[in-house]
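Residue numbers (UniProt numbering): 190 to 418. Cβ atoms here follow ideal geometry from the backbone N, Cα and C, with glycine treated the same way. What follows is one structure encoded as structure tokens, with my remarks underneath.
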Amino acid sequence: QFDDMIYVDKLATVSEMAASFAHEIRNPLTTVRGFVQFLSEDTTDENVKKFAPVILEELDRTNQIITEYLTLAKPTPFERQKVNIDDVLYTSVHLLSPLGAMANVSLQLYTEGKSDVYGDKHYLKQALLNVIKNGMEAIEYGGVVTIHKTVNEKEKEVIITISDTGKGMTEEQLKNIGLPYYTTKSKGTGLGSMITARLIRQMGGTITYESRLNVGTTVTITLPLYEGD
Ligand code: ADP
Ligand code: MG
Numbered sequence: 190q191f192d193d194m195i196y197v198d199k200l201a202t203v204s205e206m207a208a209s210f211a212h213e214i215r216n217p218l219t220t221v222r223g224f225v226q227f228l229s230e231d232t233t234d235e236n237v238k239k240f241a242p243v244i245l246e247e248l249d250r251t252n253q254i255i256t257e258y259l260t261l262a263k264p265t266p267f268e269r270q271k272v273n274i275d276d277v278l279y280t281s282v283h284l285l286s287p288l289g290a291m292a293n294v295s296l297q298l299y300t301e302g303k304s305d306v307y308g309d310k311h312y313l314k315q316a317l318l319n320v321i322k323n324g325m326e327a328i329e330y331g332g333v334v335t336i337h338k339t340v341n342e343k344e345k346e347v348i349i350t351i352s353d354t355g356k357g358m359t360e361e362q363l364k365n366i367g368l369p370y371y372t373t374k375s376k377g378t379g380l381g382s383m384i385t386a387r388l389i390r391q392m393g394g395t396i397t398y399e400s401r402l403n404v405g406t407t408v409t410i411t412l413p414l415y416e417g418d
């Protein structure tokens with residue numbers, strides 16, 4: 190198990206700078222995206238029709254990278270409150286399903302038991318999207334990402350497992366996952382897992398990875414059950 194806190198400290202100064210750049214870049218990016226979208230809907234030009242989706246996709250990717258850096262940079266103002274984890278899971282799956290359909294990956298969600306956790310809704314979603322997306326990206330020629338949510342009343346925790354039928358990880362990869370900038374993907378940032386681990390821990394949860402090469406990976410996340418009312 191790695192300790193991401195050391196790296197978080199080292200990144201602090203760089204992160205503050207990154208955050209201000211990111212904000213500045215984001216606004217024009219949003220404007221450009223809006224205009225490209227508008228142009229592509231309002232044209233008979235075949236070239237525009239053909240290339241607009243590519244432009245939009247690349248803009249979205251840029252935005253995603255900025256989001257990851259921003260999360261790293263921000264001192265994460267947490268709002269811990271009662272969150273219906275099923276809602277967050279459904280939203281996440283819903284958001285990623287179109288991407289899955291394109292990649293021949295089906296997402297399956299099973300939930301069982303009382304579903305309120307004590308956490309931050311926004312960051313929970315971001316953490317889950319990171320993990321589910323990694324599972325999807327690990328699948329090369331079609332497969333399944335299965336998400337199970339159960340409750341352990343005794344331990345007062347919710348357990349979420351995200352299993353994929355992807356390519357799995359070597360010992361080396363398992364050791365390095367979560368270190369800043371560690372990625373095996375040509376278009377990866379190597380920040381997702383680090384951010385995810387930090388977010389989950391800040392919410393009083395845990396995250397662990399189990400993997401078998403060429404078989405798949407299971408990520409287990411626990412979160413504290415909400416105990417008020
Ligand atoms: P990125 O997705 O940008 O590469 P992450 O921090 O999300 O960054 O993941 C780091 C690395 O961990 C990935 O590049 C990949 O090698 C490995 N990894 C993470 N999740 C999985 C998974 N479900 N199956 C296989 N490898 C994974
Ligand atoms: Mg990732």
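Cβ-Cβ distance between residue i and residue j below 8 Å
{"i": "THR339", "j": "GLU301", "result": "yes"}
{"i": "ALA211", "j": "LEU228", "result": "no"}
{"i": "GLY417", "j": "THR354", "result": "no"}
{"i": "LEU363", "j": "ILE321", "result": "no"}
{"i": "GLU342", "j": "LEU412", "result": "no"}
{"i": "ILE389", "j": "ALA316", "result": "yes"}
Heavy atom of the ligand MG within 7 Å of residue i beta-carbon
{"i": "LYS322", "result": "yes"}
{"i": "GLY381", "result": "yes"}
{"i": "GLY377", "result": "yes"}
{"i": "ASN252", "result": "no"}
{"i": "ASN319", "result": "yes"}
Heavy atom of the ligand ADP within 7 Å of residue i beta-carbon
{"i": "GLU326", "result": "yes"}
{"i": "GLY332", "result": "no"}
{"i": "GLN362", "result": "yes"}
{"i": "TYR371", "result": "yes"}
Where the beta strand (DSSP E) containing residue i begins and where it ends
{"i": "VAL404", "result": "Taken as a continuous stretch (DSSP letters only), VAL404 belongs to no beta strand (DSSP E), as it is neither H nor E."}
{"i": "ASN273", "result": "270–273"}
{"i": "LEU414", "result": "Premise fails: LEU414 is in no beta strand (DSSP E) and is neither H nor E."}
{"i": "GLY308", "result": "305–308"}
Limits of the unbroken alpha helix (DSSP H) element including residue i
{"i": "LYS364", "result": "360–365"}
{"i": "SER382", "result": "381–391"}
Counterpart residues of residue i in DSSP-defined beta bridges
{"i": "residue 172", "result": "Given a span of 190 to 418 for the chain in the structure shown, any question on residue 172 remains unanswerable."}
{"i": "ILE351", "result": "ILE336, VAL408"}
{"i": "SER295", "result": "VAL333"}
{"i": "THR280", "result": "DSSP output for THR280 lists no bridge partner at all."}
Q. When the Cβ atoms of the region 291–298 are set against those of the region 241–257, are three or more pairs found closer than 8 Å?
A. no
Q: Say whether the region 369–381 touches the region 271–285, bearing in mind that this needs 3 or more beta-carbon pairs closer than 8 Å, one atom from each stretch.
A: no
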